[in-house]
Amino acid sequence: MSASKVRLLIQDYLVITLACFIFAWAWEGFMIPSNMSAGGMMGLSTIIQYATGGLIPAQYTYIGINALLIIIAVFAMGIGFGFKTIYAILMSTVAMQVIASVPFLQCTPEGFFYVKDTLLVPVIAGTLEATGLGLVIRFGGSTGGTDIVAIMINKYYPVQLSVVFMITDLITVALLLLLPGRTFTDMTYGVVEIVIFNLLIDDIVGGHKSTFQLLVFSEKYKEIADHIIKDMERGVTVLKAQGWYTKKEKNVLLILINRGEFSSLMKEIKALDPRAFMSVSTTKSVYGEGFEEIKGGMNDAKSLIKKGKKNES
1312 MSASKVRLLI QDYLVITLAC FIFAWAWEGF MIPSNMSAGG MMGLSTIIQY
1362 ATGGLIPAQY TYIGINALLI IIAVFAMGIG FGFKTIYAIL MSTVAMQVIA
1412 SVPFLQCTPE GFFYVKDTLL VPVIAGTLEA TGLGLVIRFG GSTGGTDIVA
1462 IMINKYYPVQ LSVVFMITDL ITVALLLLLP GRTFTDMTYG VVEIVIFNLL
1512 IDDIVGGHKS TFQLLVFSEK YKEIADHIIK DMERGVTVLK AQGWYTKKEK
1562 NVLLILINRG EFSSLMKEIK ALDPRAFMSV STTKSVYGEG FEEIKGGMND
1612 AKSLIKKGKK NES
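Everything in the sequence shown is counted per our numbering, starting at 1312 for the first residue and increasing by one.
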């Protein structure tokens, strides 16, 4: 491995480490001290902590469930599922224990970060969680939980990742109502955190549904295309183009990838050809294998036929 790749790898892990502490602070610093819960695996872990009266801390449930999910994911998707994901899960667990032992960082009456307005707690927590998780994903990792579940489901079934996230988050936050003394108001705080998180994650990492379209101009287009096909198991299209200034024919790569693959592909292109020219744009929707399922069917077709007949008449 070259020195430049080693530096980039070290940089990735340093950012992921910081991001894990930000992610953990959202929960151990704000949500848990305020007896709140939200979606995702951490939401489920906090509910278990509340249900057991603190006997099973959230960080223990979090790492236990994720360990099981990682084992399942390795069997379902291969050993290369992600060392950064494993590191992020372990580091998040360590970060939760550290923050839980530092009263200064917690939203309690005696803490510096105490917030009197209860509604602001899930807003702050959602902002921190989106920042932390967004950075982890941007640098090639994942904090596990519903991310792993969604990725595995999407691999075998044409279900949108955003649908999986939304369903699991709402089910998780609704479980809070099963605990004694909890009311609909408690659940509402969790919904606020989920909404804030989903609004901000779009800006930080592109959103659960976002897909990127890349046009890559490079003399190393063959190496880049082979990497996408073999290592990323994605499709790539080679377009014939002509530079009008030089009048020379060029090969341009047209690539469609989701948010989780964007960062790793950019780094690989830079490593293969530092002089590569790229155009990147965010697409609203991409339909087909590996992306979103094409919606519609006979009912939609019949509706269009009826509209056509009305127009003809």
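The beta carbon of each residue, even a glycine, is placed where N, CA and C say it ideally should be.
In chain order, 1350, 1351, 1354, 1355 place their CB closer than 7 Å to the CB of residue 1483, counting only its own chain and leaving out the 5 sequence neighbours on each side. In the three-state DSSP reduction, residue 1534 falls in the helix class (H, G or I). Taking residue 1581 as the centre and dropping the five residues before and after it, the same chain places the C-beta of 1587 closer than 8 Å to its C-beta, in chain order.
Around residue 1330, the same chain offers 1443, 1446, 1447 as residues with beta carbons nearer than 6 Å, after the five sequence neighbours per side are excluded. Non-local beta-carbon contacts of residue 1505 in its own chain, meaning distances under 6 Å to residues more than five positions away in sequence, involve 1349, 1350, 1480 in chain order.
The closest CA to that of residue 1544, considering only 1524, 1525, 1566, is found on 1566. Setting aside the 5 residues that flank it on each side, residue 1431 has no residue in the same chain whose C-beta is closer than 6 Å to its C-beta.
Here the region 1397-1411 makes contact with the region 1329-1347; the two share three or more CB pairs at distances below 8 Å. The beta carbon of residue 1503 sits closer than 6 Å to the beta carbons of 1433 from its chain, once the five residues preceding and following it are set aside; these are given in chain order. Short of 6 Å from the beta carbon of residue 1417, and not among the five residues preceding or following it, lie these beta carbons of its own chain, in chain order: 1340, 1344. Here the alpha carbons of residue 1489 and residue 1380 stand approximately 25 Å from one another. When the beta-carbon positions are compared, residue 1526 and residue 1563 come within less than 8 Å of each other. Here residue 1335 is near residue 1406, since their CB atoms are less than 8 Å apart. Here residue 1438 is near residue 1511, since their CB atoms are less than 8 Å apart. Boundaries of the beta strand (DSSP E) harbouring residue 1593: 1588-1594, taken from the DSSP string. A straight-line Cα-Cα distance of about 8 Å links residue 1373 and residue 1456.
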